[in-house]
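Last residue of the sequence shown: 341 (my numbering), numbering continuous. Glycine included, every Cβ here is placed at the ideal spot set by N, Cα and C.
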Amino acid sequence: MDPRSEVLLRQTELFTGELLLAGLPADDLLGRLPLARGWSWHAGEQATLETRFPGRVEFAVERPAGSFAAAVLFLPKSRELSDYLLASLASAVAGGMLYLVGEKRAGVESTARRLSAFGQPRKLDSARHCQLWQVQVNEAPLAPRLHDLARRYPLDTTEGSLQVVSLPGVFSHGSLDVGSALLAEHLDGLPSGHLLDFGCGAGVMGALLKRRYPQSRVSLLDVDAFALESSRLTLQENGLEAEIIAGDGIAAAPFGLSAIVSNPPFHQGVKTDYSTSEALLAEAALHLEPRGEMRLVANSFLRYQPLIEAHLGPCQVLAEARGFRIYRASRR
């Protein structure tokens with residue numbers, strides 16, 4: 010059981026009515042709270058919960074429809090995302106209770122101070138290195154419009170200007186990160202066919218690929234619903250068509266790919282996590298056609314080259330700059 014769920018269950022008497030759990034972990038919490046429903050934006054966790062509790066968890070960027078006596082937010086990493094989620098939940102439980110639970114090191118106490126916009130917050134519990142806060146929503150906000158919170162920025166390319174749209178919670182929200190900028194400079198010479206932007210974020214690479222290789226089929230894959238919606242908006246903004254896939258890791262990718270392009274993630278929440286990237290390197294060959302190529306950017310300190318060569322084939326460093334490397338390898 011996730012420690013945040015354990016803290017909630019120390020106060021089970023508070024959660025007897027219709028309850029919305031936002032950002033809940035993939036544990037047994039729904040089994041312990043039979044009237045609760047879940048709202049998840051993590052494709053892997055949603056899939057796990059859907060298997061165990063069919064019909065009780067929605068994968069979405071907007072609050073599920075319905076009436077709730079109370080709502081709980083499991084603190085996300087992004088401040089912009091937590092602000093959107095708190096406002097969305099508070100608008101749904103006017104006069105009712107809004108709870109915030111999270112790890113101390115993730116900043117739950119500082120986030121709890123922002124509950125004062127809705128009423129008088131109070132700390133209910135502190136255990137398992139987590140805190141649980143409560144506020145009665147006496148000042149309910151209007152439901153926020155997610156797309157109004159989007160940030161747009163232009164990206165100059167050899168094919169013309171590209172408009173990028175990012176939403177709260179998406180990696181490098183509102184600007185192009187250094188690694189992706191370097192990767193964008195090294196997309197020439199990819200084999201034609203089916204191209205995948207793995208860990209697509211705001212859809213920068215996927216949009217660039219479709220612009221540069223218009224005859225190729227392009228897919229964009231990410232685990233996060235906000236990233237997928239950002240990618241959809243980026244494609245729409247630029248008049249591009251591509252397939253968007255919700256999935257937890259490379260196992261969700263199509264087969265028979267001619268190329269995989271990625272700025273793979275290695276952080277999850279406040280913890281460093283290399284599992285998604287390592288799985289990508291280990292399993293990319295299963296999804297690439299013969300002589301299919303993987304091209305990715307990674308921090309220079311990450312020892313990816315031996316892993317790539319062990320699982321895929323000879324690996325070339327195309328470029329190294331600003332603390333990043335561009336790797337290129339083809340399936341044997």
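Query, Result
"One or two residues paired with Glu112 in a DSSP bridge", "Cys139"
"CB contact flag (Ser184, Gly212, <8 angstroms)", "no"
"Leu30 and Val81 closer than 8 angstroms at C-beta", "yes"
"For Gly9, the residue or residues it bridges with in DSSP", "The question about residue 9 has no answer here: the residues shown for the chain are numbered 10 through 341."
"Rounded Cβ spacing between Gln145 and Gly111 (contact assumed at less than 8 angstroms)", "Rounded, the Cβ-Cβ distance is 19 angstroms, inconsistent with contact."
"For Phe235 and Pro177, believed in contact at Cβ under 8 angstroms, the rounded distance", "7 angstroms"
"Ser225 beta carbon less than 8 angstroms from that of Ser201", "yes"
"DSSP three-state assignment for Gly128, whether helix, strand or coil", "coil"
"Span of the beta strand (DSSP E) around Tyr93", "It is not in any beta strand (DSSP E) - Tyr93 instead sits in the alpha helix (DSSP H) that spans Arg88 to Ala101."
"Where Glu194 sits in the DSSP three-state scheme", "coil"
"6 angstroms CB neighbourhood of Asp36 in its chain, flanking five on each side removed", "Met10, Asp11 and Ser14"
"N- and C-terminal bounds of the alpha helix (DSSP H) containing Ser284", "Ser284 to His296"
"N-terminal and C-terminal residue of the alpha helix (DSSP H) that Ala69 is part of", "Looking at the DSSP string, Ala69 is not in any alpha helix (DSSP H), and its letter there is neither H nor E."
"Neighbourhood of Tyr108 by C-beta, 6 angstroms cutoff - its chain only, sequence neighbours within 5 removed", "Val81 and Gln143"
"Inter-residue Cα distance where the pair is Pro63 and Ala251", "30 angstroms"
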